[in-house]
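Here's the structure we're looking at; comments come further down.
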Amino acid sequence: MYLMAFHAFFRVGEITSTSSSPKNIISFTSVNFLLTGEHPFAVLLDMSHFKHHTGKSCHKFQINCNVKNVDLCPVHAVWEYCKMRGIQNGPLFCFMDGKPIPRQYFTRQLQLSLQWAGCDTAVYKGHSFRIGAASSAAMMGISSDNIQLMGRWHSDAYKKYIRIPVLNI
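Laid out in structure tokens, this is it:
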């Protein structure tokens, strides 16, 4: 979930549930893989529900495989997860019984992961994935228009997410 949250600029509400109605959560059927033989090289995401979405069209985008480090590759991670998850309709990220991952559960697991890694849990939260994605994209020279599109922002709000480190001399 963490790799996809970062690489897909996901809002926590797009991958977790705050109620029993997961209508805005990305579904299993919204994910398609591009394969070379039996190996994925990209994942296609079809976002039909997200914050500020007008409902006129789907937001489709592709995440390519990171061949440099398979352990950190979002395509490989979601491919392996989907093989374990099995083919059933419902939210992409769910428990074995098909119920969506609650926001509180995701937040608590993130906090535990950060503690395990020795990171300050006061600094990093669920929103940090979007902040990191937008900041990384900006540091790679991706245009503001493309960052706004990738993150599904319909205003200049995306600018608040870009945090470029400043070197104090």
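Take the sequence shown: its position 126, counted from the start at 1, is 131 in the working numbering, and no numbers get skipped.
Don't be surprised by glycine CBs; every beta carbon is placed ideally from N, CA and C.
Note that the structure is a prediction, hence the values are computed from the model and not measured.
What would DSSP say about residue i, mapped onto helix, strand or coil?
i	result
Ala-127	coil
Cys-99	strand
His-58	Confidence at His-58 is low in this model, with a pLDDT of 48, below 50, so the placement of that residue is unreliable and no value is reported for it.
Lys-165	helix
Phe-14	coil
Ser-32	strand
Going by the beta-carbon positions, is the gap between residue i and residue j smaller than 9 Å?
i	j	result
Cys-99	Arg-90	yes
Val-48	Ile-20	no
Phe-38	Val-75	no
Ala-122	His-12	no
Met-52	Phe-33	no
Tyr-129	Leu-119	yes
Alpha carbons only, please: which of the options is nearest the one belonging to residue i?
i	options	result
Tyr-7	Lys-65, Ile-167, Ile-106, Met-144	Ile-106
Thr-23	Arg-108, Ala-143, Gln-116, Trp-158	Arg-108
Trp-84	Ile-30, Trp-121, His-44	His-44
Ile-169	Ala-143, Ala-162, Gly-103	Ala-143
Met-9	Trp-158, Arg-135, Gln-116	Arg-135
Thr-41	Leu-50, Cys-70, Gly-18, Ile-31	Cys-70
Phe-46	Ile-152, Ala-82, Lys-165, Gln-153	Ala-82
Leu-115	Met-101, Tyr-86, Ser-133	Ser-133
Met-101	Cys-87, Thr-112, Ile-30	Cys-87
Lys-104	Ser-141, Val-36, Ile-30	Ile-30
Asp-95	Ile-152, Arg-113, Ser-35, Met-145	Sequence inspection shows Gly at residue 95; the Asp mentioned does not correspond to that position. Taking only the C-alpha atoms, the option nearest Gly-95 is Ser-35.
Beta strand (DSSP E) containing residue i: first to last residue?
i	result
Thr-112	Element bounds for Thr-112: not the beta strand (DSSP E) but the alpha helix (DSSP H), 108-122.
Leu-40	36-41
Mind checking residue i: buried by the 16 CB within 10 Å criterion, or exposed?
i	result
Gly-156	buried
Gly-131	buried
Ser-148	exposed
Ile-92	exposed
Cys-124	exposed
Ala-162	exposed
Ala-127	exposed
Phe-14	buried
Leu-117	exposed
In the DSSP assignment, find the unbroken alpha helix (DSSP H) run with residue i in it and report its ends.
i	result
Pro-45	From DSSP, Pro-45 is part of no alpha helix (DSSP H) but of the beta strand (DSSP E) over 44-52.
Met-89	79-90
Phe-134	133-144
Gln-93	Note, Gln-93: premise wrong, no alpha helix (DSSP H); not H, not E.
Ile-152	149-155
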